[in-house]
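J.: Starting off with a structure, shown below.
Rendered as structure tokens:
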């Protein structure tokens, strides 16, 4: 079980590293002047590669988490309300990840309507998600 837990933690940290950085690329994309086509294309390429790699990291993170939950019974049974809250935050993280893909497609088609300031705030959500998830797993408040 400790091997599965270790791999789960490593893949979660790696997945979230991508979720921390991808919106920073969006900040830069939102600031690119219309005449800077090469800069825009370079940032789009970086964002596409990072989203693909981040998705590749998310899959084993989720698989190892499900393995811990279903296979080893972590968080199952009475007195494990923290796991329900954690799973809700994980679903939000998956939605955030999907939302990043939607935003990237909007940038690629020229349909972005948000400012760099909005993306700076958007970039803070995965930090809050990770903080909440870690607190729930370690402290198990309910």
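In this note's numbering, the protein residues as written are 35 to 176. All residues carry an ideal CB built from backbone N, CA and C; glycine is no exception.
Exposed or buried, which one is residue 132 when buried takes at least 16 other CB atoms within 10 Å?
T.: Counting Cβ neighbours within 10 Å, residue 132 comes out exposed, since fewer than 16 surround it.
J.: Have a look at residue 222 and residue 160 and give me their C-alpha separation to the nearest angstrom.
T.: Since the displayed the chain opens at 35 and closes at 176, residue 222 lies outside it and no answer follows.
J.: Measure the C-alpha to C-alpha separation of residue 71 and residue 58 and round it to an integer number of angstroms.
T.: So the alpha carbons of these two residues sit roughly 19 angstroms apart.
J.: For residue 88, count the other beta carbons within 10 Å of its own beta carbon; 16 or more makes it buried, fewer makes it exposed. Which is it?
T.: Residue 88 should be labelled buried.
J.: Tell me which residues share the same chain as residue 64 and place their Cβ nearer than 7 angstroms to its Cβ, disregarding the 5 neighbours each side in the sequence.
T.: Closer than 7 angstroms at Cβ, skipping near neighbours: 146, 148, 149, 150 and 153.
J.: Buried or exposed for residue 46, going by 16 or more other Cβ atoms inside 10 Å?
T.: Result: buried.
J.: For residue 144, collect the residues of the same chain with a Cβ closer than 6 angstroms to its Cβ; drop the 5 residues on either side in sequence, then sort them by chain order.
T.: Closer than 6 angstroms at Cβ, skipping near neighbours: no residue.
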